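Shown next, in structure tokens, is the structure this report addresses.
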């Protein structure tokens with residue numbers, strides 16, 4: 001009986017010690033838990049507000065890109081959340097320095113593994129910042145060309161002139177010389193036609209002048225310029241240099257070419273085929 005009483009007393013003492021320890025831990029970490037919860041709530045709220053503010057600020061910029069605005073606003077939000085999480089962990093005595101070092105090492109390993117992908121992301125950011133072309137522009141990047149459909153962080157989507165879909169990595173787009181046919185408001189066109197050596201050059205130039213004067217899409221500023229550009233093997237090259245607004249450049253140039261052929265035929269001006277004079281000498285000795 002006495003032994004049972006002693007065991008009960010020891011058990012009671014152990015329970016009291018456990019309760020005291022748990023109570024001490026609760027008291028110790030109650031304020032840390034409450035502070036962490038409040039810090040998370042405030043951090044998420046601030047991160048959301050910063051994301052909206054950054055997005056709105058970029059969108060207010062002239063010719064702001066939607067993809068760039070979304071990307072930068074999300075980066076700002078995640079950066080604030082990362083700082084908040086580190087602050088929460090520090091509330092519980094966690095050594096955040098070691099966590100940051102581990103995350104840095106992991107980030108380096110991931111970066112090396114995804115080197116090609118990150119290169120495309122970097123090229124995409126450069127394209128979005130420098131904006132050598134926009135959605136709807138027709139560009140030529142050396143090995144491919146087409147109308148830009150979408151500029152993404154990893155690749156750029158094109159639609160070729162024959163209606164095909166093309167997806168090009170941003171690193172290839174940025175790493176090649178880019179010719180943008182749609183960016184500037186006007187483009188030059190040289191209407192060059194070869195006439196026979198027996199034809200009247202002045203009549204040919206007057207005919208070309210009438211063609212461009214009758215086309216409303218040919219600009220008068222810069223002024224059209226007519227000149228003889230070459231004396232070829234079989235033809236005299238006559239050129240009319242004009243400027244046309246970029247949106248109507250292609251149909252206008254096709255129409256000018258058609259009008260020139262019809263007008264030259266009507267004026268009696270020949271457009272000779274390549275020809276060669278062959279001289280045959282009789283060898284009397286043979």
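Numbering (the UniProt record's numbering), first residue to last: 1 to 286.
Cβ coordinates follow ideal geometry from the N, Cα and C atoms, glycine included.
Quick caveat: nothing in here was measured; it's all calculated off a predicted structure.
Can you name the residues that DSSP bridges to residue 145? Position 145 of the chain shown, counted from the first residue, corresponds to residue 145. According to DSSP, residue 145 bridges with 140.
Flag this pair as yes or no: are the beta carbons of residue 69 and residue 59 separated by less than 7 Å? By 1-based counting over the chain shown, the position of residue 69 is 69. By 1-based counting over the chain shown, the position of residue 59 is 59. Yes, these two residues count as a Cβ contact at 7 Å.
Cβ of residue 224 within 7 Å of Cβ of residue 242? Counting from 1 along the chain shown, the entry for residue 224 is found at position 224. Counting from 1 along the chain shown, the entry for residue 242 is found at position 242. The answer is yes: Cβ separation under 7 Å.
For residue 58, does the three-state DSSP call read helix, strand or coil? As a first step, residue 58 must be located in the chain shown, where it is residue number 58. DSSP places residue 58 in helix when its eight states are reduced to three.
Relative to the C-alpha of residue 169, which candidate in 143, 163, 90, 186 has its C-alpha closest? One-based indexing of the chain shown puts residue 169 at position 169. Nearest option by C-alpha distance: 143.
Taking the DSSP output, what are the residues bridged to residue 157? What you label residue 157 is simply residue 157 of the chain shown in a count that begins at 1. Bridge partners of residue 157: 150, 167.
Give me the Cβ distance between residue 189 and residue 271, rounded to the nearest whole Å; I'm assuming they're in contact under 8 Å. Taking the first residue of the chain shown as 1, we reach residue 189 at position 189. Taking the first residue of the chain shown as 1, we reach residue 271 at position 271. Not really, about 18 Å apart at Cβ, beyond 8 Å.
My understanding is that residue 217 touches residue 257, with C-beta atoms under 8 Å, so please give their C-beta distance in whole angstroms. As a first step, residue 217 is located in the chain shown; it is residue number 217 there, counting from the start. As a first step, residue 257 is located in the chain shown; it is residue number 257 there, counting from the start. Not a contact, Cβ separation roughly 13 Å.
Which residues mark the beginning and the end of the beta strand (DSSP E) in which residue 246 is found? To locate residue 246, count along the chain shown from 1; it is residue 246. Unbroken run through residue 246: none, as it is neither H nor E.
Pairwise C-alpha distance: residue 163 and residue 49: Indexing the chain shown from 1 puts residue 49 at position 49. Indexing the chain shown from 1 puts residue 163 at position 163. Answer to the nearest angstrom: the Cα atoms are 43 Å apart.
Would you list the one or two residues that DSSP bridges to residue 230? What you label residue 230 is simply residue 230 of the chain shown in a count that begins at 1. Per DSSP, 237.
Comparing alpha-carbon positions, which option in 262, 221, 276 lies nearest residue 185? Translated into positions along the chain shown, residue 185 becomes position 185. Selected option, being the one with the closest Cα: 221.
Just curious, the beta strand (DSSP E) that residue 187 is in, first and last residue? Numbered from 1 along the chain shown, position 187 holds the residue referred to as residue 187. According to the DSSP assignment, residue 187 belongs to the beta strand (DSSP E) that extends over 186-195.
Is residue 233 closer than 7 Å to residue 182 when the C-beta atoms are compared? Taking the first residue of the chain shown as 1, we reach residue 182 at position 182. Taking the first residue of the chain shown as 1, we reach residue 233 at position 233. Cβ atoms of residue 182 and residue 233: not closer than 7 Å.
Take the Cβ of residue 269 as the centre, count every other Cβ of all protein chains shown within 10 Å, and call the residue buried at 16 or more, exposed below. Along the chain shown, read from residue 1 onward, the residue named residue 269 stands at position 269. With 16 or more Cβ atoms within 10 Å of its Cβ, residue 269 is classed as buried.
Spell out the partners DSSP gives residue 225 in its beta bridges. Locating residue 225 in the chain shown gives position 225, where the first residue counts as 1. BP columns for residue 225 point to 241.
What three-state label does DSSP hand residue 117 in the structure shown? Sequence index remark: in the chain shown, residue 117 carries index 117 (1-based). DSSP places residue 117 in helix when its eight states are reduced to three.
Cα-Cα separation, residue 39 to residue 53: Counting from 1 along the chain shown, the entry for residue 39 is found at position 39. Counting from 1 along the chain shown, the entry for residue 53 is found at position 53. Cα to Cα, residue 39 sits roughly 21 Å from residue 53.
So what does DSSP say about residue 253, is it helix, strand or coil? Indexing the chain shown from 1 puts residue 253 at position 253. If DSSP states are grouped into helix, strand and coil, residue 253 belongs with the helices.
Over what stretch of residues does the alpha helix (DSSP H) that includes residue 202 continue unbroken? Along the chain shown, one-based indexing puts residue 202 at 202. Residues 201-213.
How would you call residue 158, buried or exposed, if buried means at least 16 neighbouring beta carbons within 10 angstroms? Within the chain shown, numbered from 1, the residue matching residue 158 stands at position 158. Around the beta carbon of residue 158, 16 or more other beta carbons lie within 10 angstroms, which makes this residue buried.
DSSP beta-bridge partners for residue 218? For the purposes of this step, residue 218 is taken as the residue at position 218 of the chain shown. Looking at the DSSP output, residue 218 bridges to 244.
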